[in-house]
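In this note's numbering, the protein residues as written are 6 to 128. Ideal Cβ positions, reconstructed from N, Cα and C, are used throughout, including at glycine. In this text the structure is predicted, and so the values were computed from the model without any measurement. What follows is a set of notes on a single structure, which appears directly below.
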């Protein structure tokens with residue numbers, strides 16, 4: 006989601022990413038994507054949801070991604086959420102949800118931008 010919004014649009018729209026990763030792991034990912042093959046600045050806020058509170062509240066946990074831990078003989082909360090994009094308006098209402106239910110791929114910047122235009126968030 007690098008460089009999705011213009012500087013003017015960023016004044017009215019915030020992009021947040023919620024991950025089950027720790028803050029340290031998120032920092033590593035930001036560092037790893039600060040390369041020429043990933044153009045543009047990393048201009049969204051990453052939030053850590055290690056206890057899955059938001060992930061569970063929105064029902065986006067993907068149990069197929071759980072990994073068995075042989076040491077504890079259990080499936081710890083190791084799975085990842087489905088890659089879903091929500092567009093939430095200033096009143097806190099979800100006005101759109103982008104979710105590829107077949108391939109579990111994140112929407113492209115073009116798809117997100119088209120949806121922002123459709124819901125009237127940008128022109």
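- Return the CA-CA distance between residue 118 and residue 99, expressed in angstroms with no decimal places. 16 Å
- Sheet register partners of residue 90 (DSSP bridge): 103
- Nearest neighbour of residue 19, chosen from 94, 36 and 62 [CA to CA]: 94
- In the region 34-65, which residue ranges form an unbroken beta strand (DSSP E) of at least 3 residues, counting only runs that do not cross its ends? 50-53
- Task: Please look up how many angstroms separate the CB atoms of residue 65 and residue 87, rounded, as I've assumed it's under 8 Å.
- Result: 5 Å
- Message: Am I right that residue 9 and residue 52 are in contact with their C-beta atoms under 8 Å? What's the rounded C-beta distance?
- Response: Actually they are not in contact, since the Cβ atoms of residue 9 and residue 52 sit about 17 Å apart, beyond 8 Å.
- Query: Is it buried or exposed for residue 25, if we count other Cβ within 10 angstroms and need 16 for buried?
  - Reply: By the neighbour-count criterion, in which 16 or more other beta carbons inside 10 Å mark a residue as buried, residue 25 falls on the buried side.
- Item | Cβ-based neighbour list, residue 36, same chain, cut-off 7 Å, excluding 5 preceding and 5 following | none
- Task: Take residue 67 as the anchor and find which of 108, 76 and 28 has the nearest alpha-carbon.
- Result: 108
- Query: So residue 23 is in the beta strand (DSSP E); what residue range does that whole segment cover?
  - Reply: 21-24
- Query: Using CA coordinates, which residue listed in 17, 123, 74 and 102 is at the minimum distance from residue 63?
  - Reply: Answer by Cα proximity: 102.
- Is it right to say residue 126 is buried, meaning 16 or more other beta carbons lie within 10 angstroms of its own, or is it exposed? In the assembly as shown, residue 126 is a buried residue. Its beta-carbon has 16 or more other beta-carbons within 10 Å.
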